[in-house]
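Read through the structure below, which is laid out as structure tokens, and then see the notes.
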Amino acid sequence: MTARTSDIDIGKAADVLRAGGLVALPTETVYGLGANAEDPTALARIFQVKGRPPTHPLIVHISGADHLDDWAEDVPAAARLLAEHFWPGPLTLVLRRGHRVPLEATGGLRTVAVRVPGHPVALTLLKTFGGGVAAPSANRFGSVSPTTADHVRAELGDGVDFVLDGGPCGVGVESTIVDVTGDVPSILRPGGATREDLEAVLGHPLAVPSTSRVRVPGQHPSHYAPRARVVLVEPENLVAEAEREQELGHQVGVFLPPSLADSPVKAHAQVTIPTSMGAYAHGLYGFLRELDQQGCDLIVAPLPAEEGLGLAIANRLRRAAGPRPSETRSR
Ligand code: TXA
Ligand code: MG
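Residue numbers (the UniProt record's numbering): 1 to 331.
Right, here's the structure in full:
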């Protein structure tokens, strides 16, 4: 399959799923923490291992659009069109829940999120297993999603029964979630499939709710967050702000725009933002983890233009900079 994962490993992973265990699986977006989507006991373990509230719904991964009607009801034409163009790939569709989906997978909602992942290891696992795999990102609730098998092992350790190593994830940010249950499809979370590409296929604009609106129970404003606090600044203020915080005694990590790559900042650590948005998305979570590992307590970053993959990157940076759960409680 890949240099790291053989068909034997995939067979073992399918057996673990059948036995009610948890498998970390590579997808083209981020690593998922997978369980048999029809096994409420296994689903309960996902929430326990992640430390995630049970009201927070999961994505059901399936092997192809031909299985969509097993998991969802009244699938609208727009959903079929999007599935045809974007699957396998980084798009999740929110549909009316089918009878096969236990309420534990959807946090009690009447809708279900479904996607066909684009990673060959994930697809082979889904075909070998034969059913649906419910999988959130394989990180502790609220923290940065894993884009390598090592990230998963470091974060979840023995909580996972089997880790399939498919190498670093190509896209690097999660799937785009589109709700197709309303009159106009709307983007619930920007991600690897761009708004522009989705709108080109649909032939009309999508509704895009603001980042701050919380639609689904259990979501905190802060998510996708490293340990270090994240501060977003206008690009022209970046260097001055980073150096000011460093002088105030912080261990500052800087996301440096490519134009400033050769002018080092007086800060604790820095990463240079790649020129292409695809490379930026691919590296984003690794950069946040790297600055955490280097001991930064504050990360200063500029926001990218919110077009193409920049929409998803800006969304994750905003969420990383949002108030942390402990701060939310005191508000
Ligand atoms: O790329 C991805 O989507 C990755 C890989 C593993 O597939 N998965 C992922 O799952 O990001 P998770 O659980 O970390 O994020 C899923 C998001 C959550 O924010 C959840 O609220 C939303 O999907 N979601 C799931 N079911 C939903 C539903 N029925 N209605 C609205 N939102 C839903
Ligand atoms: Mg997640």
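Beta carbons: idealized from backbone N, C-alpha and C, even for Gly.
Which of the three DSSP states, helix, strand or coil, is assigned to alanine 228?
Residue numbering aside, residue 228 sits at position 228 when the sequence shown is read from its first letter. Note: alanine 228 maps to coil in three-state DSSP.
Run through DSSP, which three-state label would glutamate 73 get?
As a first step, residue 73 must be located in the sequence shown, where it is residue number 73. The answer is strand: DSSP assigns glutamate 73 an E or B state.
Near the ligand MG, which residues have their beta-carbon closer than 6 Å to a heavy atom?
Those residues are Pro136, Ser137 and Ser145, given in chain order.
Is it right to say arginine 110 is buried, meaning 16 or more other beta carbons lie within 10 angstroms of its own, or is it exposed?
Translated into positions along the sequence shown, residue 110 becomes position 110. Result: exposed.
Could you say if the stretch 243 to 255 and the stretch 134 to 141 meet the contact criterion of at least three C-beta pairs nearer than 8 Å?
In short, these stretches do not touch, since the Cβ pair count stays below three.
Name the residue from Ala320, His67 and Glu84 whose alpha carbon lies nearest to the alpha carbon of arginine 229.
The count along the sequence shown starts at 1 and reaches residue 229 at position 229. When each option's Cα is compared against that of arginine 229, the closest is Ala320.
Just to check, is the beta-carbon of glycine 166 closer than 8 Å to a non-hydrogen atom of the ligand TXA?
Position 166 of the sequence shown, counting from 1, holds the residue named residue 166. Checking every heavy atom of the ligand TXA against the Cβ of glycine 166, none is found closer than 8 Å.
Just how far apart, CA to CA, sit valine 216 and glycine 167?
Within the sequence shown, the letter at position 216 stands for residue 216. Within the sequence shown, the letter at position 167 stands for residue 167. Bear in mind that a pLDDT of 48 at valine 216, under 50, signals an unreliable position, so the number given afterwards is only what the model happens to contain. The alpha-carbon atoms of valine 216 and glycine 167 are separated by roughly 31 Å.
Any heavy atom of the ligand TXA closer than 8 Å to the CB of glutamate 174?
Reading the sequence shown from its first residue, position 174 is the one you call residue 174. Yes - the ligand TXA has a heavy atom lying nearer than 8 Å to the Cβ of glutamate 174.
Measure the C-alpha to C-alpha separation of leucine 164 and histidine 99 and round it to an integer number of angstroms.
Sequence index remark: in the sequence shown, residue 164 carries index 164 (1-based). Sequence index remark: in the sequence shown, residue 99 carries index 99 (1-based). Cα-Cα distance, rounded: 30 Å.
Please confirm whether arginine 115 and histidine 67 have their CB atoms less than 9 Å apart.
The sequence position of residue 115 within the sequence shown is 115, counting from 1. The sequence position of residue 67 within the sequence shown is 67, counting from 1. Cβ distance not < 9 Å, so arginine 115 and histidine 67 don't count as in contact.
Secondary structure at alanine 149, three-state DSSP: helix, strand or coil?
The residue you call residue 149 lines up with position 149 of the sequence shown. Looking at alanine 149 - three-state DSSP - the assignment turns out to be helix.
Out of Thr29, Asp9, Gly32 and Asn36, state which residue places its alpha-carbon closest to the alpha-carbon of alanine 19.
Working through the sequence shown from its first residue, we reach residue 19 at position 19. When only C-alpha atoms are compared, the closest one is Asn36.
Would you kindly work out how many angstroms separate the C-alpha atoms of glutamate 38 and aspartate 9, rounded to a whole number?
Along the sequence shown, one-based indexing puts residue 38 at 38. Along the sequence shown, one-based indexing puts residue 9 at 9. When rounded, the distance between both Cα atoms is 22 Å.
Consider the C-beta atom of leucine 238 and the heavy atoms of the ligand TXA; say whether any pair is separated by less than 8 Å.
Counted from its first residue, the sequence shown places residue 238 at position 238. For the ligand TXA, not one heavy atom lies less than 8 Å from the Cβ of leucine 238.
Quick one: is histidine 268 near chain D, going by C-beta distance under 9 Å?
As a matter of chain content, chain D is missing from the structure shown, which is built from one protein chain.
Using alpha carbons as the reference points, say which of Val101, Thr41, Pro88 and Tyr31 lies closest to leucine 156.
Position 156 of the sequence shown, counted from the first residue, corresponds to residue 156. Among Val101, Thr41, Pro88 and Tyr31, the Cα nearest to that of leucine 156 is on Tyr31.
Just the Cα atoms here: how many angstroms apart are alanine 83 and alanine 242?
Numbered from its first residue, the sequence shown carries residue 83 at position 83. Numbered from its first residue, the sequence shown carries residue 242 at position 242. Roughly 43 Å separates the two Cα atoms.
To which residues of the same chain is proline 88 closer than 7 Å at the C-beta, ignoring the five residues directly before and after it?
Counting from one through the sequence shown, the residue named residue 88 turns up at place 88. Here the set comprises Val116, Pro117, Gly118 and Leu123.
To the nearest angstrom, report how far apart alanine 154 and glycine 191 are at their CA atoms.
Start at 1 with the first residue of the sequence shown, and residue 154 comes out as number 154. Start at 1 with the first residue of the sequence shown, and residue 191 comes out as number 191. The straight-line gap from Cα to Cα measures roughly 24 Å.
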